[in-house]
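Right, one structure below, let's go through it.
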Amino acid sequence: ELQIATVNEVLKEIDIDSSEAILVLNKVDAVQDHSFLDVLRSRYPGAISVSARTGLGLERLSRYIAERLSDGFLDVKIDASVGNGRLFGFLAEHAEVLDKQYVDSRVIIHGRIARRFLSRLQNDTDVTVTIEGQSGEYSTTLTGIHPESTDSPTPDKDRLRA
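Under the numbering used here, the final residue of the sequence shown carries the number 296; numbering is consecutive throughout.
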């Protein structure tokens, strides 16, 4: 438990939200007294028990990580000027660009972006973002992308400054 507290403190010091962390209990094969594991599991119900040596629990951990990584992501189509360097930098850092198509002085980018970054894409009137659904596109279109801020979105920081 001291290790868990230490890790949470380090995450706090570097401004990372520890509530998003995945707690992995490794070396469960080496534990002699399984009541100790039961206590940890009851205190940390979301913890995943694994043994890197035997492979126990690694498949479950892998599935859990894959689910968490895909959760909250949106498929988007972004129509922007080819000269919007700030947008391209922002997307390189915060999105997965799947495809780019150039048409005259415009670029249409297909990609995936975390929902939490979508609110940062709303000031530049030269850009249109369409959120795509599984069977076509949603009608939601955000006009304006100006991804200058790196702060976490809050009600006061949802819009970026030019």
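Glycine included, each C-beta is placed from N, C-alpha and C at the ideal position.
{"query": "Local conformation of V144 per DSSP, three classes", "result": "helix"}
{"query": "Residue burial classification, A229 (beta-carbon count within 10 angstroms, cutoff 16)", "result": "buried"}
{"query": "CA-to-CA distance, E227 to V241, given in whole angstroms", "result": "18 Å"}
{"query": "Boundaries of the beta strand (DSSP E) in which V338 is found, first to last residue", "result": "One cannot answer for residue 338 here, as it falls past the ends of the chain, which runs 135 to 296."}
{"query": "Contact test: S253 Cβ vs the ligand NAD heavy atom, cutoff 7 Å", "result": "Absence of the ligand NAD from the depicted structure is noted, as is the absence of any ligand whatsoever, leaving it without description."}
{"query": "Proximity below 8 Å, CB of A181 to CB of L157", "result": "yes"}
{"query": "Residues that DSSP places opposite G245 in a beta bridge", "result": "V210 and V231"}
{"query": "Euclidean distance between Cα positions of R246 and V231", "result": "7 Å"}
{"query": "Neighbour-count burial assignment, S183, 16 or more Cβ in a 10 Å radius", "result": "buried"}
{"query": "Beta-carbon contacts of L171 that lie in its chain and below 8 Å, excluding the five residues immediately before and after", "result": "L159, V162, V165 and S183"}
{"query": "Alpha-carbon to alpha-carbon, R194 and A200", "result": "10 Å"}
{"query": "Counted within 10 angstroms of its Cβ, other Cβ atoms place I243 as buried (16 or more) or exposed", "result": "buried"}
{"query": "Reduced DSSP category for V165 - H, G, I as helix; E, B as strand; rest coil", "result": "coil"}
{"query": "Cβ-Cβ distance between G206 and A248 below 8 Å", "result": "yes"}
{"query": "Span of the alpha helix (DSSP H), counted from its first residue to its last, around A200", "result": "L192 to S204"}
{"query": "Neighbour-count burial assignment, G217, 16 or more Cβ in a 10 Å radius", "result": "exposed"}
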